[in-house]
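Below: one structure, written as structure tokens.
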Amino acid sequence: MLIEGQFSLQAPIQKVWDSLLDPKTLGYCVPGTEKMEALDAETYESVVAQRVGPFKVKLKFTTKLTEVRPPNYIKAVGRGADVTKLGNFSTEIEVNLKETSPDNVDVSYTANVALVGRLATFGERIMRAKAKEVGDQFTENLREKLKA
Numbered sequence: 278m279l280i281e282g283q284f285s286l287q288a289p290i291q292k293v294w295d296s297l298l299d300p301k302t303l304g305y306c307v308p309g310t311e312k313m314e315a316l317d318a319e320t321y322e323s324v325v326a327q328r329v330g331p332f333k334v335k336l337k338f339t340t341k342l343t344e345v346r347p348p349n350y351i352k353a354v355g356r357g358a359d360v361t362k363l364g365n366f367s368t369e370i371e372v373n374l375k376e377t378s379p380d381n382v383d384v385s386y387t388a389n390v391a392l393v394g395r396l397a398t399f400g401e402r403i404m405r406a407k408a409k410e411v412g413d414q415f416t417e418n419l420r421e422k423l424k425a
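Take any residue in the sequence shown, note its place counting from 1, add 277, and you have its number in this note's numbering.
What follows is the structure, given as structure tokens:
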């Protein structure tokens with residue numbers, strides 16, 4: 278399933294870049310985050326809880342940065358599973374930052390997500406709606422964090 282989005286942020290590009298690579302900021306911005314820590318400079322381990330349809334899922338996963346071109350481009354791969362055995366997933370994410378003025382950045386992203394197990398049975402419509410909800414909340418949380 279391909280998920281795409283874009284949004285603008287009122288902040289210098291370096292501040293946005295630094296925020297996207299900081300586990301504490303990401304943990305604050307991703308709704309439902311219970312744990313997010315850097316294992317090394319390229320690898321993050323996370324636990325995120327969400328309600329998807331009638332189920333509460335708790336995803337434990339690892340994300341690895343595979344290509345980084347500061348301050349404009351991040352490519353990462355992630356793999357993980359629901360701790361209650363509802364299934365597992367893998368994802369490949371690309372994030373592009375484009376400075377449109379000294380204090381404004383356009384952010385675009387794509388995520389190619391593959392689901393296996395009961396997670397895959399939720400249906401694309403439900404998963405897309407959940408992805409949009411999480412993406413919108415992430416954007417709002419990041420905007421708030423960048424104002425601080």
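From the three backbone atoms N, C-alpha and C, an ideal C-beta is built for every residue, glycine too.
Can you tell me whether V426 is buried or exposed? The criterion is at least 16 other CB atoms within 10 Å of its CB, across all chains shown. Since the first and last residues shown for the chain are 278 and 425, residue 426 lies out of range.
Is P300 closer than 7 Å to A318 when the C-beta atoms are compared? Counting from one through the sequence shown, the residue named residue 318 turns up at place 41. Counting from one through the sequence shown, the residue named residue 300 turns up at place 23. In this structure, P300 does not lie closer than 7 Å to A318 by Cβ.
What are the complete beta strand (DSSP E) segments, minimum 3 residues, inside the stretch 355-384? The beta strand (DSSP E) runs of length 3 or more contained entirely in the stretch 355-384 are, from start to end of the chain, 364-378.
Are the beta-carbon atoms belonging to Q287 and N381 less than 7 Å from one another? Sequence index remark: in the sequence shown, residue 287 carries index 10 (1-based). Sequence index remark: in the sequence shown, residue 381 carries index 104 (1-based). Less than 7 Å divides the Cβ of Q287 from the Cβ of N381.
How about V324 and K337: are their beta carbons less than 7 Å apart? In the sequence shown, the residue the question calls residue 324 occupies position 47. In the sequence shown, the residue the question calls residue 337 occupies position 60. In contact: V324 and K337 (Cβ atoms closer than 7 Å).
Helix, strand or coil for E401 per DSSP? The count along the sequence shown starts at 1 and reaches residue 401 at position 124. In the three-state DSSP reduction, E401 falls in the helix class (H, G or I).
Just the C-alpha distance for E322 and T377, rounded to the nearest angstrom, thanks. Counting from 1 along the sequence shown, the entry for residue 322 is found at position 45. Counting from 1 along the sequence shown, the entry for residue 377 is found at position 100. A straight-line Cα-Cα distance of about 32 Å links E322 and T377.
Does V411 come out as helix, strand or coil in the three-state DSSP assignment? Locating residue 411 in the sequence shown gives position 134, counting from the first residue. If DSSP states are grouped into helix, strand and coil, V411 belongs with the helices.
To the nearest angstrom, report how far apart Y305 and K292 are at their CA atoms. Residue numbering aside, residue 305 sits at position 28 when the sequence shown is read from its first letter. Residue numbering aside, residue 292 sits at position 15 when the sequence shown is read from its first letter. C-alpha separation (whole angstroms): 16 Å.
In whole angstroms, what is the alpha-carbon distance linking G357 and P289? Counted from its first residue, the sequence shown places residue 357 at position 80. Counted from its first residue, the sequence shown places residue 289 at position 12. G357 and P289 have their C-alpha atoms roughly 33 Å apart.
Any idea what DSSP makes of N418, helix, strand or coil? Numbered from its first residue, the sequence shown carries residue 418 at position 141. Here N418 sits in helix by DSSP.
Just tell me which of T339, A391, E371 and V334 has its CA closest to the CA of V384. For this step, residue 384 is matched to residue 107 along the sequence shown. Nearest to V384 by C-alpha distance, out of T339, A391, E371 and V334, is E371.
Would you tell me roughly how many angstroms separate the C-alpha atoms of T310 and P379, rounded to the nearest one? As a first step, residue 310 is located in the sequence shown; it is residue number 33 there, counting from the start. As a first step, residue 379 is located in the sequence shown; it is residue number 102 there, counting from the start. Approximately 31 Å between the Cα atoms of the pair.
I think N389 touches T361, with their Cβ atoms under 8 Å apart; what is that distance to the nearest whole Å? Looking up residue 389 in the sequence shown gives position 112. Looking up residue 361 in the sequence shown gives position 84. That pair is no contact at about 25 Å.
Check for me: the beta strand (DSSP E) holding L286 runs from which residue to which? Reading the sequence shown from its first residue, position 9 is the one you call residue 286. Boundaries of the beta strand (DSSP E) harbouring L286: L279 to L286, taken from the DSSP string.
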